[in-house]
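K.L.:
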Amino acid sequence: MGIVTFLMMIVTMCVVGLADSGPKSDPSGASIGVAADVVGATENAPTADDLKLAEKTEPVAVKLADVVGHNRVAINMVWMLICGFLVMFMQAGFAMAETGFTRAKNAGHTMAMNFMVYVIGMLGFWVCGFALQMGGSGGAASLGGGGALNGEFALHLFGKDFGLFGTKGFFLSGMTYDAVIFGIFLFQMVFMDTTATIPTGSMAERWTFKSFIIYGFFISAIVYPLYANWVWGGGWLSALGRNFGLGHGHIDFAGSSVVHMTGGVAALAGAMVLGPRIGKFTNGKPNPMPGHHIPMAIVGCFILAFGWFGFNAGSSLAGGDLRIAVIAVNTMLAGGAAAFSSLLYMWMRYGKPDISMSANGLLAGLVAITAPCAFVNSVSAVIIGLIAGILVCLSVSFFERVMKVDDPVGAISVHGVNGAWGVLALGLFADGTYGGGLNGIAAPVRGLFYGDASQFAAQCIGMLVNIVFVFIIMYVFFKVLNKITPLRVPAEQEIQGLDQFEVSVSAYPDFPVRVTYM
Amino acid sequence: MKMIVAYIKPNKLDDVKKELYAVQVFKMSVINALGCGRQQGHTEMYRGLAREVNLLMKTRLEIAVNEDFVKPTIMAIIKGAQTGNIGDGKIFVTELADCVRISTGETGGEAI
Chain W
1 MGIVTFLMMI VTMCVVGLAD SGPKSDPSGA SIGVAADVVG ATENAPTADD LKLAEKTEPV
61 AVKLADVVGH NRVAINMVWM LICGFLVMFM QAGFAMAETG FTRAKNAGHT MAMNFMVYVI
121 GMLGFWVCGF ALQMGGSGGA ASLGGGGALN GEFALHLFGK DFGLFGTKGF FLSGMTYDAV
181 IFGIFLFQMV FMDTTATIPT GSMAERWTFK SFIIYGFFIS AIVYPLYANW VWGGGWLSAL
241 GRNFGLGHGH IDFAGSSVVH MTGGVAALAG AMVLGPRIGK FTNGKPNPMP GHHIPMAIVG
301 CFILAFGWFG FNAGSSLAGG DLRIAVIAVN TMLAGGAAAF SSLLYMWMRY GKPDISMSAN
361 GLLAGLVAIT APCAFVNSVS AVIIGLIAGI LVCLSVSFFE RVMKVDDPVG AISVHGVNGA
421 WGVLALGLFA DGTYGGGLNG IAAPVRGLFY GDASQFAAQC IGMLVNIVFV FIIMYVFFKV
481 LNKITPLRVP AEQEIQGLDQ FEVSVSAYPD FPVRVTYM
Chain U
519 MKMIVAYIKP NKLDDVKKEL YAVQVFKMSV INALGCGRQQ GHTEMYRGLA REVNLLMKTR
579 LEIAVNEDFV KPTIMAIIKG AQTGNIGDGK IFVTELADCV RISTGETGGE AI
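Order-wise, the sequence lines are chains W and U.
In terms of our numbering, the first sequence opens at residue 1 and continues consecutively.
In terms of our numbering, the second sequence opens at residue 519 and continues consecutively.
#1: Which first and last residues belong to the alpha helix (DSSP H) in which W/His70 is found?
#2: Leaving out the 5 sequence neighbours to the left and right, which residues in its chain are closer than 6 Å to W/Ala41 when beta-carbon positions are compared?
#3: Quick check on the DSSP output: what are the complete alpha helix (DSSP H) runs of length 4 or more inside the segment 242-321 of chain W, in order along the chain?
#4: Once the 5 residues before and after W/Leu362 are set aside, which same chain residues still bring their CB inside 7 Å of it?
#5: Can you tell me where the beta strand (DSSP E) holding W/Gly166 begins and where it ends?
#6: So which residues of chain W does U/Leu567 contact, with C-beta pairs closer than 8 Å?
#7: Work out the CA separation of U/Lys608 and U/Ile596 for me, nearest whole Å.
#8: Does any CB atom of chain W fall closer than 8 Å to the CB of U/Val564?
#9: Using only alpha-carbon positions, find the residue among U/Cys617, U/Ala540, U/Val571 that is nearest to U/Gly598.
#10: Against chain U, which members of the segment 341-358 of chain W pass a CB distance test of less than 8 Å?
#11: For chain U, find out if any of its Cβ atoms is closer than 8 Å to the Cβ of W/Ser257; answer yes or no.
#12: In chain order, which alpha helix (DSSP H) runs of at least 4 residues are fully inside the segment 376-423 of chain W?
#13: Report the three-state DSSP secondary structure of W/Gly138 (helix, strand or coil).
#14: What do you get for W/Val15, buried or exposed, if any count of 16 or more other CB atoms within 10 angstroms of its CB means buried?
#15: May I ask which residues mark the beginning and end of the beta strand (DSSP E) holding U/Gly553?
#16: Looking at the structure shown, is W/Leu157 part of a helix, part of a strand, or coil, going by DSSP?
#17: What does DSSP give as the partner residues of U/Ala631 in its beta bridges?
#18: Please classify U/Met563: does DSSP put it in a helix, a strand, or coil?
#19: For W/Met403, which of W/Trp79, W/Leu149, W/Met272 has the nearest alpha-carbon?
#20: Is W/Trp236 buried or exposed, if buried means 16 or more other CB atoms sit within 10 Å of its CB?
#21: Are the CB atoms of U/Val543 and U/Ala594 nearer to each other than 8 Å?
#22: Going straight from the alpha carbon of W/Val119 to that of W/Thr167, what length do you get?
#23: For U/Ala568, which of helix, strand or coil comes out of DSSP?
#24: Check whether the Cβ atoms of U/Ala615 and U/Lys576 sit closer than 8 Å, and answer yes or no.
#25: Report yes if the CB atom of W/Cys128 is closer than 8 Å to the CB atom of W/Ala196, and no otherwise.
#26: Answer yes or no: does any C-beta atom of chain U fall closer than 8 Å to that of W/Ser397?
#27: Specify whether the segment 162-180 of chain W and the segment 135-154 of chain W touch according to this definition: at least 3 beta carbon pairs, one from each stretch, less than 8 Å apart.
#28: I need the straight-line Cα distance from W/Leu186 to W/Thr262, nearest angstrom please.
#29: Taking three-plus beta-carbon pairs below 8 Å as touching, is the segment 99-113 of chain W in contact with the segment 287-294 of chain W?
#30: Out of W/Val423, W/Ala140, W/Pro59, W/Thr208, which one is the CA nearest neighbour of W/Asp499?
#31: Quick check: the Cα distance between W/Asn466 and W/Thr200, rounded to an integer number of angstroms?
#32: May I have the straight-line CA-CA distance separating W/Asn418 from U/Val611, to the nearest angstrom?
#33: Once you ignore the five residues that flank W/Leu81 on each side, which residues in its own chain have a CB closer than 8 Å to its CB?
#34: So the candidates are W/Ser454, W/Glu502, W/Val489; which of them puts its Cα closest to the Cα of W/Gly247?
#35: Pull up the distance between the alpha-carbon of W/Leu322 and that of W/Asp161, whole angstroms please.
#36: For W/Leu274, I'd like the list of residues in its chain whose CB is within less than 7 Å of its CB, leaving aside the five on either flank, ordered along the chain.
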């Protein structure tokens, strides 16, 4: 990890040295949002020619256009930032959900991982993750700037550009010290942190804190940003439309693949390398290990559902884009439908409703709608949710009984499996009412059921690339890391509980932690 | 002197205490315990996996008594805790070799 950081610093120095005179950066934000940002804002907005004409005939109108442009950008910036703050709060939701679903003797350690992943992810992303992801993204029109993000390293094959990673924005220095770019950084960072915290769920209760820290830097600085660049940073998966006629390329509105699949697949790789908790399997048969604090877990899931409004609706990067209402409602409906279908499924299959699976169901529905939320109607959203709720129950059972992977909180099933369902669902249910212009394709986004099979193909490609790329790189990483410093705590410490050994504070020093089973 | 150890249902503790006070037995220790008896337990489901739960929550009472309090204490516990169903609990009576009051150093029956 140290070598990677060092190399990134070398790259930074090269990039900063080649300062370009093109886009203007404004760290104060004062000059961002001008009359030009009024052009194209609405259907009947003034055109650039209108403004040029008005300079002579209606000077006050031009001045007003300047203020209006600023306000438009400001609304969008405020919206994006507030939604980013909501997504940051999801860290608390993850912390509570994971700790509630695991055992009391490890609560301090589980909380510590969820707490530190926020910090480490942020730092790794600031050092080089953001640059790799968004360095070539070109800023955002809705935010009136960010053009200094204009460096994308691409391979030229078959006469097409395959964008691989960005090259501007290391340490947010130089020309990337700009108000718009900082706003984009915050918003992208909280999404990356959502990915980073997912494996702490599947690897809970037996992961050494030291190796977790190294993992945190690796996923935030390298793994997440690369795939995110390919989908959101102007990279090759988003260009499958322009380059190969596959719909709009791989589309993922808020991150079913970029965030949740990456996290879920990494969670799978990590759980496989780590191995199951002691006592989880007896002769290959799984044993239940109930969580210690269901109220905490449920509140955590509510916090996640709340934060998801920021996650999905915020991904419009524009408060002025009124599709945000549709996005928010679709998000809500899918989560609710999934919680309900998983409730019914567990009730019918095992005789009693299981609230922990319903909570997983809620999250699974939210994960599944994350990609298609902007592109589908409410009926589709409910259908996507209903399927997600059942899918998560089947998947939990599959990974436990068939794959014999121990996933204490269902992270692989909630995020990995339903993230995949989410991007495929977009390829099926996108109904053509939104998305014109995305990834350089003028028409709105349509899925298979609304006439565009090629979009579904693009989604399949994006999904498969995620699974292959993330699984291989994370599996190899964990295997190599395991050789350098053990991934797993010693057995005696695992039996006694990780708190005292790994993070030196017991979560519940006043309470005798009852142990009637392992 | 005898040590009376009783395992009762946790929700019966208040009733048992009331009956013990009525026979002038005010001193006792109360401990949370897990236990099982004749019944093998029941099955709980968690995320689709079944768990045999044969350790149920019980409350353990420890009461040190002089000879003349043995019978009344036992009767009081039974009166307070009995429901007639499985799981009411058990009472064990053991010999108590000695008893010491820490604050004064008194021993024997006076210290109980």
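We put the beta carbon where it would ideally sit given N, CA and C, even for glycine.
Every value quoted in this text rests on a predicted model; they were computed, and no experiment measured them.
P.N.:
On the basis of the supplied data:
#1: Boundaries of the alpha helix (DSSP H) harbouring W/His70: 59-101, taken from the DSSP string.
#2: Arg72, listed in sequence order.
#3: Fully enclosed alpha helix (DSSP H) runs of 4 or longer: 262-274, 294-313.
#4: Excluding residues within five positions, the ones whose Cβ falls inside 7 Å are Cys301, Ala305, Gly335, Ala338, Ala339.
#5: First-last of the beta strand (DSSP E) with W/Gly166: 160-166.
#6: Within 8 Å of the CB of U/Leu567, the CB atoms of chain W belong to Pro286, Asn287, Pro288, Glu400, in sequence order along the chain.
#7: If you take the alpha carbons of U/Ile596 and U/Lys608, they lie about 9 Å apart.
#8: Checking the sequence shown, residue 564 of chain U turns out to be Tyr, not Val. At least one chain W Cβ lies under 8 Å of U/Tyr564.
#9: Per the Cα distances, U/Ala540.
#10: Only those residues of the segment 341-358 of chain W whose C-beta falls short of 8 Å from the nearest C-beta of chain U are listed: Met346, Arg349, Tyr350, Gly351, Lys352, Asp354, Ser356, Met357.
#11: By this cut-off, W/Ser257 is not an interface position.
#12: Whole alpha helix (DSSP H) segments, 4+ residues: 378-397.
#13: Three-state DSSP puts W/Gly138 in coil, outside helix and strand.
#14: The predicted position of W/Val15 is uncertain, since its pLDDT is 44 and thus under 50; no value can be drawn from it.
#15: Note, U/Gly553: beta strand (DSSP E), 547-553.
#16: Shown here, W/Leu157 sits in a strand according to DSSP, grouped into three states.
#17: Since the first residue of chain U shown is 519 and the last is 630, residue 631 of chain U is not available in this structure.
#18: Reduced to three states, the DSSP call for U/Met563 is strand.
#19: Of the candidates W/Trp79, W/Leu149, W/Met272, the one whose C-alpha sits nearest the C-alpha of W/Met403 is W/Met272.
#20: Classification of W/Trp236: buried, given that the 10 Å Cβ count is 16 or more.
#21: Closer than 8 Å, so yes.
#22: W/Val119 and W/Thr167: Cα-Cα distance of roughly 23 Å.
#23: Of the three classes helix, strand and coil, the one that applies to U/Ala568 here is strand, per DSSP.
#24: No; because the gap between Cβ atoms is not below 8 Å, this pair is not in contact.
#25: Not a contact, by the Cβ cut-off of 8 Å.
#26: So yes, W/Ser397 belongs to the interface.
#27: By the C-beta criterion, the segment 162-180 of chain W is judged to be in contact with the segment 135-154 of chain W, since at least 3 inter-stretch pairs fall below 8 Å.
#28: Distance between the alpha carbons of W/Leu186 and W/Thr262 is about 19 Å.
#29: As far as the Cβ criterion goes, the segment 99-113 of chain W touches the segment 287-294 of chain W, which means the pair count is three or higher.
#30: Comparing Cα-Cα distances from W/Asp499 to each of W/Val423, W/Ala140, W/Pro59, W/Thr208, the minimum goes to W/Thr208.
#31: Taking the straight line joining both Cα atoms gives about 19 Å.
#32: Cα to Cα, W/Asn418 sits roughly 60 Å from U/Val611.
#33: Within the same chain, Cβ atoms closer than 8 Å to the Cβ of W/Leu81 are found at Gly183, Leu186, Phe187, the five residues on either side in sequence being excluded.
#34: For the options W/Ser454, W/Glu502, W/Val489, the alpha carbon positioned closest to that of W/Gly247 is the one of W/Ser454.
#35: Using only the alpha carbons, I get a separation of about 33 Å.
#36: The residues are Met203, Arg206, Trp207, Leu487, Arg488.
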